[in-house]
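Reading through the structure tokens given below for one structure.
2 protein chains.
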Amino acid sequence: MRLVIAQCSVDYAGRLNAHLPLATRLLMLKADGSLLIHSDGGSYKPLNWMSPPCSLAEVSPEDDQTDAGITAIWKVTHAKTADELTVNLYEVIHDSAHELGIDPGLIKDGVESQLQKLLAEHIHLLGEGHTLVRREYMTAIGPVDILAQDASGKSVAVELKRRGDIDGVEQLTRYLELMNRDPHIAPVTGVFAAQEIKPQARKLAEDRGIRCLLLDYDAMRGLDDTLTRLF
Amino acid sequence: MRLVIAQCSVDYAGRLNAHLPLATRLLMLKADGSLLIHSDGGSYKPLNWMSPPCSLAEVSPEDDQTDAGITAIWKVTHAKTADELTVNLYEVIHDSAHELGIDPGLIKDGVESQLQKLLAEHIHLLGEGHTLVRREYMTAIGPVDILAQDASGKSVAVELKRRGDIDGVEQLTRYLELMNRDPHIAPVTGVFAAQEIKPQARKLAEDRGIRCLLLDYDAMRGLDDTLTRLF
DNA sequence: TACTTCATCTCGATC
DNA sequence: GATCGAGGTGAAGTA
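These protein sequences, in sequence, are chains A and B.
Numbering-wise (full-length UniProt numbering), the first sequence opens with residue 1 and increments by one.
Numbering-wise (full-length UniProt numbering), the second sequence opens with residue 1 and increments by one.
This is the structure:
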């Protein structure tokens with residue numbers, strides 16, 4: 001990895017065009033040829049960048065560019081999409097290179113799939129007397145997250161999202177239409193369950209007779225802890 | 001901005017829990033207190049990070065941690081969410097600090113908002129005799145990008161995308177269903193306009209009687225230039 | 001390899 | 001501040 005702190009201006013041409021005026025920035029050149037341009041603020045997203053696979057070529061500045069103070073020009077081109085990033089370097093304040101080696105990578109815990117598992121384990125959260133039929137119940141157009149039965153034995157299809165928006169309601173609607181045409185399983189009611197449900201999604205769901213259910217991940221995990229403590 | 005290259009292991013606790021095993025990485029400490037941890041590959045997303053507002057505190061390692069080779073511990077805590085990032089530093093290979101100043105920021109060109117503005121200004125691209133009613137026409141389920149009238153005075157709802165795929169057609173379909181239930185504005189026809197329309201989206205749109213319109217951003221901008229030259 | 005879905009999404013615009 | 005939609009989305013899993 002090569003780290004360069006320099007005054008520079010940058011132009012990007014690809015899906016869109018973008019320009020960075022002259023300022024002091026960090027240029028991070030990774031081992032795979034990719035380049036990130038960071039300022040001293042903002043979040044993790046660089047001001048501009050080029051993703052791998054790409055290649056960097058150093059170009060000699062023209063006379064008028066040299067007169068303008070440009071000491072070097074980097075042209076980074078994407079191997080496939082012809083996107084191009086041009087960095088005009090002025091004063092270079094720091095330049096160092098370091099061998100990092102391959103990273104073992106990030107280990108994650110606590111994401112979406114666990115929500116499904118937790119709801120399946122605590123299916124009573126759907127309401128009194130509900131029982132689990134199965135997770136990932138397969139239909140012709142894809143798997144329903146959870147299929148259950150209510151106290152009267154009627155089928156309940158659950159669509160699960162971390163954040164519930166309109167797309168999820170549309171998806172559940174398609175499942176419900178399909179399943180309600182199948183006399184073996186009809187009638188099927190729908191539950192849209194998420195940690196957070198956007199107002200527009202809630203309105204659409206309720207217009208269509210789909211029940212909305214807010215999930216509390218920590219509370220659900222707490223139920224597990226309670227069980228663990230009990231046994 | 002402080003740049004540290006060091007052997008380190010990292011733990012994050014917040015929305016999820018995550019762990020990075022011992023390896024050599026770049027730690028980028030920005031002026032606003034935020035921290036990015038980058039490896040020598042991947043894309044622009046760091047392996048782990050803490051977004052501002054947050055604060056870093058250096059903690060003394062316990063004796064057993066010192067024995068294990070830990071020379072310093074950074075605890076970065078988010079000011080609002082109580083997310084926490086712990087970096088255990090082993091061997092430090094590089095450590096430098098640089099004054100970058102405030103960045104003037106990125107100037108973008110060619111995004112959807114400009115497309116909308118351009119199409120509204122050149123509404124005749126929808127067809128002979130079309131007139132603009134308004135941009136961002138509000139409905140109960142969200143704003144229609146452009147509402148126009150055709151030569152006969154009938155309403156035309158335009159959904160605008162840079163890249164047109166099925167989601168956009170679904171969105172426009174919802175608007176059309178809603179608006180066509182309103183006797184004050186019905187009947188409303190639909191136009192799906194984009195710089196690029198995926199074949200599946202085109203088929204779905206045409207099956208539903210929605211007209212597809214390919215937009216040429218450069219040509220539309222050219223129309224502006226022509227006007228500028230004329231006046 | 002292409003497609004779908006998720007994300008500690010980020011980021012801006014708007015209410 | 002909350003919300004909504006777009007992204008040069010990226011990244012991971014699946015068919």
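Glycine residues also receive a C-beta, built at the ideal position from the N, C-alpha and C atoms.
Note that the coordinates shown come from a computational prediction; the quantities given were computed from them, not determined experimentally.
Please decide whether residue 71(A) counts as near chain B, where near means a Cβ-Cβ distance under 7 Å. no
From residue 199(A) to residue 164(A), what distance separates their C-alpha atoms? 9 Å
Roughly how far, in whole angstroms, is the beta-carbon of residue 92(B) from the beta-carbon of residue 73(B), given that I think they are within contact range, below 8 Å? Not quite, the Cβ-Cβ distance comes to about 13 Å (not below 8 Å), so this is no contact.
What does a CB cutoff of less than 7 Å around residue 229(A) pick up in its chain, not counting 5 residues either side in sequence? Low local confidence applies: a pLDDT of 48 at residue 229(A) is under 50, so the model's placement there is unreliable, and no value is given.
Under 7 Å from the C-beta of residue 170(B): neighbouring residues of chain A: 170
Using a Cβ-Cβ cutoff of less than 8 Å, which residues in the same chain neighbour residue 231(A) once the five nearest sequence positions on both sides are dropped? Low confidence applies here, because residue 231(A) scores a pLDDT of 48, under 50, leaving its location unreliable; read the following figure in that light. Answer for residue 231(A): no residue qualifies.
Give me the Cα-Cα distance between residue 110(B) and residue 13(A), rounded to the nearest whole angstrom. 10 Å
Consider the Cβ of residue 30(A): report whether some Cβ of chain B lies at a distance smaller than 7 Å. yes
Which residues DSSP lists as bridging residue 12(A), in chain order: 18(A) and 85(A)
From the DSSP output, in three-state form, read off residue 230(A) for me. Annotation note: pLDDT 46 at residue 230(A) (below 50); position unreliable, coordinate value reported separately. Residue state, collapsed to three classes: helix.
For a cutoff of 7 Å on Cβ pairs, would you count residue 152(B) as touching chain A? no
Take residue 202(A) and list the residues in its own chain whose beta-carbon comes closer than 7 Å to its own, dropping the five residues that flank it on each side. 212
Residue from 129(B), 54(B), 65(B) and 149(B) whose Cα sits closest to the Cα of residue 78(B): 54(B)
Below 8 Å, how does it come out for the region 38-51 of chain A and the region 9-28 of chain A: are there three or more Cβ pairs, yes or no? yes
Can you list, in chain order, the residues of its chain whose CB lies under 6 Å from that of residue 136(B), leaving out five sequence neighbours each side? 143
For residue 81(A), which of 52(A), 176(A) and 160(A) has the nearest alpha-carbon? 52(A)
For residue 215(B), decide whether its Cβ has a neighbour in chain A, counting only Cβ atoms nearer than 7 Å. no
Under 9 Å, CB to CB, which of the residues in the region 23-49 of chain B have a partner in chain A? 23, 24, 25, 26, 28, 30, 31, 32, 34, 36, 38, 39, 40, 41, 42, 43, 44, 45, 46, 47, 48 and 49
Roughly how many angstroms lie between the CA atoms of residue 192(A) and residue 160(A), to the nearest whole one? 6 Å
Residue 21(A) versus chain B: which residues are under 7 Å apart at the beta carbon? 104
Please give me, in chain order, every unbroken run of the alpha helix (DSSP H) with length at least 4 that falls completely inside the UniProt domain "Endonuclease NucS C-terminal" (111-230) of chain B. 112-121, 166-180, 199-207 and 217-230
Top-ranked residue by Cα proximity to residue 86(B), from 9(B), 134(B) and 33(B): 9(B)
Cβ-Cβ separation, residue 223(B) to residue 195(B) (assumed contact under 8 Å), whole Å: The Cβ separation is near 15 Å, so there is no contact.
Quick one: which residues of the UniProt domain "Endonuclease NucS C-terminal" (111-230) of chain A get their C-beta closer than 9 Å to a C-beta of chain B? List them in chain order. 111, 166, 167, 170, 200, 203 and 204
By Cβ distance below 6 Å, which residues in the same chain neighbour residue 36(A) in space, the five residues on each side in sequence not counted? 28, 46 and 49
Are the beta-carbon atoms belonging to residue 157(B) and residue 190(B) less than 7 Å from one another? yes
Taking DSSP as the reference, what is the three-state secondary structure of residue 103(A)? coil
How is the beta strand (DSSP E) around residue 71(A) delimited, first residue to last? First-last for residue 71(A): undefined, no H or E at that position.
Does the CB of residue 7(B) have a neighbour CB from chain A at under 7 Å? no
Cβ-Cβ distance between residue 24(A) and residue 100(B) below 7 Å: yes
Please list, in chain order, all residues of the same chain as residue 179(B) whose beta carbon is under 6 Å from its beta carbon, the five residues on each side excluded. 185 and 188
Would you say residue 109(B) lies against chain A (beta-carbon separation less than 7 Å)? yes
Let's see if you can read the secondary structure: which residues bound the beta strand (DSSP E) around residue 55(A)? 54-59
From residue 183(A) to residue 173(A), what does the alpha carbon distance come to, in whole angstroms? 17 Å
How about residue 106(A) and residue 18(B): do their beta carbons lie closer than 7 Å? yes
At the level of alpha carbons, what is the spacing between residue 221(B) and residue 132(B)? 18 Å
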